[in-house]
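Q: What follows is a structure written as structure tokens; I'll ask about it next.
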Amino acid sequence: IPPLAWVPVFLMVFKSFWGPIGIVFLGVFFPILLNVIFGVKSVDQRLVDAARTLGAKRSAVFTKVVMPAIVPYMMTGIKVGLGVGWMCIVAAEMMPIQSGTGVGYYVWLSADYSRYDFMYATMLVIGLLSILTTGVAELIEKRVSRWMGIR
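Quick look at the structure:
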């Protein structure tokens, strides 16, 4: 079920603060989870077998073989999740149950009062924040990849 379909349910059950957080969590969780699962499945079994043959314990196999292999997949999931998360938070904040705060609320309010300049400015801010968070995720990916010795 798409996360945006859950917006009314989450907002009715969890009210103002926790509703949007739950929607964002739901939207972000599955892209990350699915990418991590795909990353774990793509780990070269020969590397795992070689590490075990050389006497590596389960924790060492996980930290030295599996983790470096899944970092690119996990970071891809995080970047996809960030995009979905921004979409979810804006949609959740546009709902009338909300307390009247957030970027989605300001887009809705500006459109409601025919203040299209504010509406487009808020949409631009949302886009810039999305680009910023994706850029931070890419920076983290580069640093973690370099730290773990991934090309």
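For the sequence shown, the numbering used here assigns the number 51 to the initial residue and increments by one for each residue that follows. Think of the CB as a built atom: it goes at the ideal place given N, C-alpha and C, for glycine as much as any other residue.
Mind checking Ala142: buried by the 16 CB within 10 Å criterion, or exposed?
A: Buried is the call here.
Q: Hey, is the region 161-169 in contact with the region 101-113, meaning 3+ C-beta pairs nearer than 8 Å?
A: At 8 Å Cβ cutoff, the stretches do not touch.
Q: In chain order, which continuous runs of the alpha helix (DSSP H) of length 4 or greater are located wholly inside the region 54-100?
A: Runs found: 57-91.
Q: Could you have a look at Met169 and say whether DSSP puts it in helix, strand or coil?
A: DSSP places Met169 in helix when its eight states are reduced to three.
Q: Alpha carbon to alpha carbon, how far is Leu61 from Met145?
A: One C-alpha to the other measures close to 8 Å.
Q: I'd like to know whether the C-beta atoms of Val115 and Val140 end up nearer to each other than 8 Å.
A: It is not a contact, given that the beta carbons lie outside the stated cut-off.
Q: When the distance is taken between beta carbons, is Met124 closer than 8 Å to Ile73?
A: It is not a contact, given that the beta carbons lie outside the stated cut-off.
Q: What did DSSP end up calling Pro52 once you bin it into helix, strand or coil?
A: Here Pro52 sits in coil by DSSP.
Q: By Cβ distance below 8 Å, which residues in the same chain neighbour Val175 in space, the five residues on each side in sequence not counted?
A: So the list reads Val153, once near-sequence residues are dropped.
Q: Can you round the beta-carbon distance between Pro53 and Gly77 to whole angstroms, since I take them to be within the 8 Å contact cut?
A: The Cβ separation is near 4 Å, so the contact holds.
Q: Put Gly105 into one of helix, strand or coil per three-state DSSP.
A: Note: Gly105 maps to coil in three-state DSSP.
Q: For Thr183, name the three-state secondary structure that DSSP assigns.
A: It is helical.
Q: Give every residue of the same chain whose Cβ lies closer than 6 Å to the Cβ of Gly131, excluding the five residues on either side of it in the sequence, and list them in chain order.
A: Answer for Gly131: Val78, Pro81 and Ile82, listed in chain order.
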